[in-house]
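Peer 1:
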């Protein structure tokens, strides 16, 4: 045991002497939580609007004003000829153009019909669709006001309406942080544990110091385990930072049981550490370890874990791949416990899968670990 | 002199068993899988419906919802609490409750209520799902109105058009930006490990005692990544064409020319990190830290316009933002060089600053 603790001390020395890496390890979660909590949002806002308004009368001015006043649009450019539209799109100055007919107000009031074209930049289908939806609502609201004022709303009393009452469960203010906090936790813990552990072990191999360690009387298994202890400590520190930040800065409450949240997180840390061990037993150089664990973990962690993009939308093949991403199970469990405030019995599957993964990874990496140098 | 240095760099690269394979395989994997994963198009929203009405009208509404293509009916629950429970178990995302006097209300009062409860933990899905549902319901009422002989009165006629991407395919939007992501990851992270690995192995000392000037040394380090970047870009463009049928509507020559500039910029950044680092582990973590932030703040996944002002100010210092804008404009809108000059100037400034910095920060004396 004494031998083991001195090995752990050696590892701590490695980490503490490398101030820059340590700083990044501790600062990364803070920066990411702040970025995800305050900067990044999937909402569509500030759509840059171009206006082509040959009539320039009461109606069009009022509609433009309504558009500009809403948080969804900013009027960016006033166009004069239809030819300018194409150029403005190509120069990336606007996201949408609204084209009014000439004599717009007159047509609305006297002919009872006037047309508006909404030209949206469809390169981003999401912004385009949502933008057109917002614009439609604003114009329809204007029309409603107009028809009430001029009292030609004879027909409207006979129409029926179904009013949807919408309730947003668990996240009534629709804060993006509720979605991102579990995701960021998964990504950070994964990165730190698996990348750091795999690199730390492979570095000893690459530098040749592994040989020195292997001839020492310490059992090879303790050498590997002692490497994981410092990263376990750092991960737990990070976990606490993320929890504190999300509770006190982002105001995301822990609605479920804190104890279970910590247990699941520690289980996930074990999975990541054992994954790091597994990677280190496969690769030989630090570059390979980094690319393997860095890019191989970071990309699926960001894309296939449900952090940003809903997994249900993906093709079946990708959904199967996502089942192999440990972060996916962890994020689901954290959402369940932390945000929805559900009992642990609702996420037993996630718990068992993580447990199974931890056992499997540890088993394989112990099997594969070579006691002798080639 | 440059020739020998380049020969050395290429030998080092080709002798590595792992790297040449990765340069070929990674762009293929990213281009084949990621456009499918990185989509904000919401389909297959799981819905649980509580039908207390059991009439022709309510059945028609349910049919309309399920046939819309966006919703997947998971179950028809008997009570509202059953529906909420299936949300809690993660089976359903949205619960819709039809009150027991829907048909009665519609025919007699003209107004009826309908309850929609969405799981908003996944904010995007919750809000888009409810807005889809609300628009289906409003279509439904229009249908009934029309059948009842009420012709919706004339007024403002809206004609929406979607330019550049008529099929509204999200993959098309992501593909040019994903190319930028691969270039950044490969041409940014490999150089960041390059000089520091020479430091770790000790071979940097041998370079330091030669009469090689600093600038030549750095250029010899940059050039291989330019070729690697070229290979990566070509593979990505080929996959985009063969698999997704996407060809640039602008000039492919412009894409390649600007890519040269971008690859130099981002590998210059990698070399700077490498120069300042003492160990590969350090270099790697610093680089990973920056790549994550650069990717998130680049408009790749989420729109920059939706960010608060301070965050938008930060994105001014992000070369990825400009290159992604350029790639999307050329690829999808067919912009010419003239249209994207402002972005190109910014990118050029980054190129000058970063490569100069890379040369200066390399010191022969330790």
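Protein chains in written order, with the working numbering: chain A, 1 to 374; chain B, 1 to 366.
Glycine included, every Cβ here is placed at the ideal spot set by N, Cα and C.
Just so you know, these numbers come straight off a predicted model, no measurement behind them.
(1) Against chain B, does residue 38(A) count as a neighbour if the rule is that its beta carbon must be under 8 Å from one of theirs?
(2) Once the 5 residues before and after residue 152(A) are set aside, which same chain residues still bring their CB inside 6 Å of it?
(3) For residue 203(A), which residues in chain B fall below 9 Å Cβ to Cβ?
(4) Tell me which residues of the stretch 10-25 of chain A have at least one Cβ-Cβ distance to chain B shorter than 8 Å, keeping chain order.
(5) Residue 358(A) touches chain B at which residues, Cβ-Cβ below 9 Å?
(6) Along the stretch 36-52 of chain B, where does the CB come closer than 9 Å to a CB of chain A? Name the residues.
(7) Cβ of residue 161(B) less than 8 Å from any chain A Cβ?
(8) Quick one: what does DSSP say residue 165(A) is sitting in, helix, strand or coil?
(9) Please list the segments of the alpha helix (DSSP H) lying wholly inside the stretch 71-99 of chain B, counting only runs of 4 or more residues, in order along the chain.
(10) Under three-state DSSP, which class holds residue 302(A)?
(11) Compute the minimum distance between the beta carbon of residue 66(A) and the heavy atoms of the ligand NAP, and state whether it is under 7 Å.
(12) Quick check: what's the CA-CA separation for residue 226(B) versus residue 38(A)?
(13) Which whole runs of the beta strand (DSSP E) in the stretch 154-238 of chain B are 3 residues long or more, in chain order?
(14) For residue 96(A), which three-state DSSP category applies?
(15) For residue 342(B) and residue 163(B), I'd like the C-alpha separation in whole angstroms.
(16) Look up residue 117(B) in the DSSP assignment and say whether it is helix, strand or coil.
(17) For residue 367(B), which option in 181(B), 21(B), 109(B) and 14(B) has the closest C-alpha, if you only look at C-alpha atoms?
(18) Return the chain-ordered list of same chain residues with a C-beta closer than 7 Å to the C-beta of residue 360(A), the five sequence neighbours on each side being excluded.
(19) Does DSSP classify residue 66(A) as helix, strand or coil?
(20) Among the candidates 121(A), 28(A) and 18(A), whose CA atom is the shortest distance from the CA of residue 237(A)?
(21) So, is the C-beta of residue 334(B) closer than 8 Å to a C-beta in chain A?
(22) Taking 8 Å as the threshold (beta carbon to beta carbon), is residue 325(B) in contact with chain A?
(23) Check for me: the beta strand (DSSP E) holding residue 51(A) runs from which residue to which?
(24) DSSP three-state label for residue 151(B), please.
(25) Could you give the distance in angstroms between the alpha-carbon of residue 205(B) and the alpha-carbon of residue 199(B)?
(26) Taking the Cβ atom as the reference point for each residue, do residue 376(A) and residue 65(A) lie within a distance shorter than 8 Å?
(27) Across which residues does DSSP place residue 121(A) in a beta bridge pair?
(28) Using a Cβ-Cβ distance cut-off of 8 Å, determine whether residue 165(A) contacts chain B.
(29) Are residue 288(B) and residue 314(B) closer than 8 Å when you measure CB to CB?
(30) Check whether the Cβ atoms of residue 121(B) and residue 340(A) sit closer than 8 Å, and answer yes or no.
(31) Mind checking whether residue 257(A) and residue 189(A) have CB atoms under 8 Å apart?
(32) For chain A, find out if any of its Cβ atoms is closer than 8 Å to the Cβ of residue 453(B); answer yes or no.
(33) Skipping 5 residues on each side, what residues in its chain have a beta carbon closer than 6 Å to that of residue 270(A)?
(34) In the DSSP assignment, the beta strand (DSSP E) including residue 50(B) goes from what residue to what residue?
(35) So, helix, strand or coil for residue 7(A), using DSSP?
(36) Just the chain B side, please: which residues come within less than 8 Å of residue 313(A) by C-beta, in chain order?
Peer 2: So, to answer that:
(1) Taking Cβ atoms only, chain B reaches closer than 8 Å to residue 38(A), which makes this a yes.
(2) Interpretation of residue 152(A) is limited by its pLDDT of 48, a score under 50 that renders its predicted location unreliable; the figure taken from the coordinates is listed afterwards. Take residue 152(A), set aside five residues on each side of it, and no residue of its chain has a beta-carbon closer than 6 Å to its own.
(3) Those are 200, 279, 280 and 281, listed as they occur along chain B.
(4) Under the 8 Å Cβ criterion, the stretch 10-25 of chain A contributes 18, 20, 21, 24 and 25.
(5) Neighbours of residue 358(A) across chain B, judged by C-beta separation under 9 Å, do not exist; the nearest C-beta is about 22 Å away.
(6) For the stretch 36-52 of chain B, which is checked against every Cβ of chain A, the residues closer than 9 Å are 36, 37, 38, 39, 40, 41, 42, 43, 44, 45 and 46.
(7) Yes, its Cβ sits closer than 8 Å to a Cβ of chain A.
(8) Three-state result, residue 165(A): strand.
(9) Considered as a whole, the stretch 71-99 of chain B harbours 80-88 as its complete alpha helix (DSSP H) runs of no fewer than 4 residues, in chain order.
(10) Shown here, residue 302(A) sits in a helix according to DSSP, grouped into three states.
(11) Among the components modelled here there is no ligand, and therefore nothing to report on the ligand NAP.
(12) Cα-Cα distance, rounded: 36 Å.
(13) With a minimum length of 3 residues, the continuous beta strand (DSSP E) runs that stay inside the stretch 154-238 of chain B are 156-163.
(14) In the three-state DSSP reduction, residue 96(A) falls in the strand class (E or B).
(15) Distance between the alpha carbons of residue 342(B) and residue 163(B): 23 Å.
(16) Looking at residue 117(B) - three-state DSSP - the assignment turns out to be strand.
(17) Given that chain B is displayed from residue 1 to residue 366, the structure contains no residue 367(B) and the question cannot be resolved.
(18) Around residue 360(A), the same chain offers no residue with a beta carbon nearer than 7 Å, after the five sequence neighbours per side are excluded.
(19) Correct three-state label for residue 66(A): helix.
(20) It is 28(A) whose Cα lies nearest to the Cα of residue 237(A).
(21) Taking Cβ atoms only, chain A reaches closer than 8 Å to residue 334(B), which makes this a yes.
(22) Yes, contact with chain A.
(23) Run containing residue 51(A): 47-52, per the beta strand (DSSP E) assignment.
(24) With a pLDDT of 46 at residue 151(B), under the threshold of 50, the modelled position of this residue cannot be trusted; read the value that follows with caution. Secondary structure at residue 151(B): coil, using DSSP grouped into helix, strand and coil.
(25) Going from the Cα of residue 205(B) to the Cα of residue 199(B) covers about 8 Å.
(26) Beyond the ends of chain A as shown, which are 1 and 374, falls residue 376(A); an answer cannot be given.
(27) Note: residue 121(A) sits in a beta bridge opposite 163(B).
(28) At least one CB atom of chain B sits nearer than 8 Å to the CB of residue 165(A).
(29) No, they are not a contact pair.
(30) Going by C-beta atoms, residue 121(B) is nearer than 8 Å to residue 340(A).
(31) No, the pair does not count as a contact, with Cβ atoms beyond the cut-off.
(32) Outside the modelled stretch of chain B, which goes from 1 to 366, sits residue 453(B), for which no answer is possible.
(33) The beta carbon of residue 270(A) lies closer than 6 Å to those of 358 in the same chain, with the five residues before and after it left out.
(34) 45-51 is the span of the beta strand (DSSP E), which, as asked, contains residue 50(B).
(35) Helix.
(36) Within 8 Å Cβ-Cβ: 39, 41, 42, 43 and 44.
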